[in-house]
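Q:
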Amino acid sequence: MSHGNFGWHINPDHYGDSHPHFYTRWTRDNYDATGCYNMDCPGYIRVDGAVIAPGDAIHPVSNVPNGPRQSITLRVLKDKRSGDWWVYYGFNKIPTGVGYFPRSLFSYLAEKADGMQFGAFVKSQKALPTPPMGNGALPNGGKGHAALFTDIRFIDQDGNSSPIKEDLPMFVTDKKCHSITHIVHAECFYGGPGGCMR
Numbered sequence: 001m002s003h004g005n006f007g008w009h010i011n012p013d014h015y016g017d018s019h020p021h022f023y024t025r026w027t028r029d030n031y032d033a034t035g036c037y038n039m040d041c042p043g044y045i046r047v048d049g050a051v052i053a054p055g056d057a058i059h060p061v062s063n064v065p066n067g068p069r070q071s072i073t074l075r076v077l078k079d080k081r082s083g084d085w086w087v088y089y090g091f092n093k094i095p096t097g098v099g100y101f102p103r104s105l106f107s108y109l110a111e112k113a114d115g116m117q118f119g120a121f122v123k124s125q126k127a128l129p130t131p132p133m134g135n136g137a138l139p140n141g142g143k144g145h146a147a148l149f150t151d152i153r154f155i156d157q158d159g160n161s162s163p164i165k166e167d168l169p170m171f172v173t174d175k176k177c178h179s180i181t182h183i184v185h186a187e188c189f190y191g192g193p194g195g196c197m198r
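Okay, so the sequence shown: first residue is 1 according to UniProt numbering, each after it adds one.
1. Helix, strand or coil, according to DSSP, for residue 9 in the structure here?
2. Alpha carbon to alpha carbon, how far is residue 9 from residue 48?
3. Residue ranges of each beta strand (DSSP E) run of no fewer than 3 residues wholly in the segment 70-156, ordered along the chain?
4. Expressed to the nearest angstrom, what Euclidean distance is found between the alpha-carbon atoms of residue 96 and residue 109?
5. Can you tell me which of the three DSSP states residue 23 falls into?
6. May I ask which residues mark the beginning and end of the beta strand (DSSP E) holding residue 163?
7. Could you tell me the distance, in whole angstroms, from the CA atom of residue 147 to the CA atom of residue 184?
8. For the structure I just gave you, are there three or more beta carbon pairs, one from the segment 80-96 and one from the segment 33-52, closer than 8 Å?
9. Relative to the alpha-carbon of residue 151, which residue among 132, 114, 186 has its alpha-carbon at the smallest distance?
10. Hey, residue 43 and residue 101 are a contact pair by Cβ (cut 8 Å); roughly how many whole angstroms apart?
11. Cβ of residue 25 within 8 Å of Cβ of residue 15?
12. Which of the three DSSP states, helix, strand or coil, is assigned to residue 178?
13. Please determine, among 167, 177, 172, 132, the residue with the shortest C-alpha to C-alpha distance to residue 18.
14. Taking just the CA atoms, how far does residue 140 sit from residue 181?
15. Using C-beta distances below 7 Å, list every residue in its chain close to residue 155, excluding the 5 sequence neighbours before and after it, in chain order.
16. Going straight from the alpha carbon of residue 84 to that of residue 31, what length do you get?
17. Going by beta-carbon coordinates alone, are residue 21 and residue 5 separated by less than 8 Å?
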């Protein structure tokens with residue numbers, strides 16, 4: 001399976017800290033022999049002068065419950081001429097191109113994508129509680145309370161953008177520690193305090 005991933009995560013094993021970092025990850029064989037995080041191997045190409053590079057820490061972060069909230073906008077678009085998959089990133093503003101996954105990295109994805117996924121996950125070592133997700137609040141409080149995905153859109157091959165209007169399948173391992181709401185009006189809320197044992 002070929003795929004390119006990007007977003008932000010907290011991964012102390014990889015970075016040696018507990019800060020959120022912008023990341024990219026790719027494979028053309030479900031990580032059997034190809035792929036890596038960020039630019040740890042040849043693959044993802046960073047644009048000169050990009051506002052952020054894979055592996056960079058993201059700051060400032062939202063200060064909840066009553067402090068300033070930050071917004072990260074992410075997009076991926078396939079360039080019609082080159083076939084490269086461009087990654088766009090915006091921190092509290094309109095996203096700009098920061099790099100791309102070259103068409104040559106992939107076999108099937110070189111032509112088209114047959115699906116997309118978005119979400120959040122946390123992990124912990126065995127016998128340790130899971131960390132918080134999102135801003136640490138369960139999504140039952142709604143806007144202004146929990147972390148959210150907003151303005152979720154599909155952009156077709158002609159560049160036409162349309163909001164996701166129907167709910168998508170969800171997977172939640174333990175709703176008392178982390179959860180997600182259904183998609184309504186192209187947005188959903190997610191997060192939780194963590195504390196579950198593996």
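Note that the Cβ used here is the ideal one computed from N, Cα and C, for glycine as well.
Model, not experiment: these values are computed from the prediction.
A: If we stick to the structure as given:
1. strand
2. 23 Å
3. The segment 70-156 contains these whole beta strand (DSSP E) runs: 72-78, 85-91, 96-101, 147-149, 153-155.
4. 22 Å
5. strand
6. 161-163
7. Cα to Cα, residue 147 sits roughly 15 Å from residue 184.
8. yes
9. 186
10. 7 Å
11. no
12. coil
13. 132
14. Whole-angstrom Cα-Cα distance: 8 Å.
15. 77, 161
16. 20 Å
17. no
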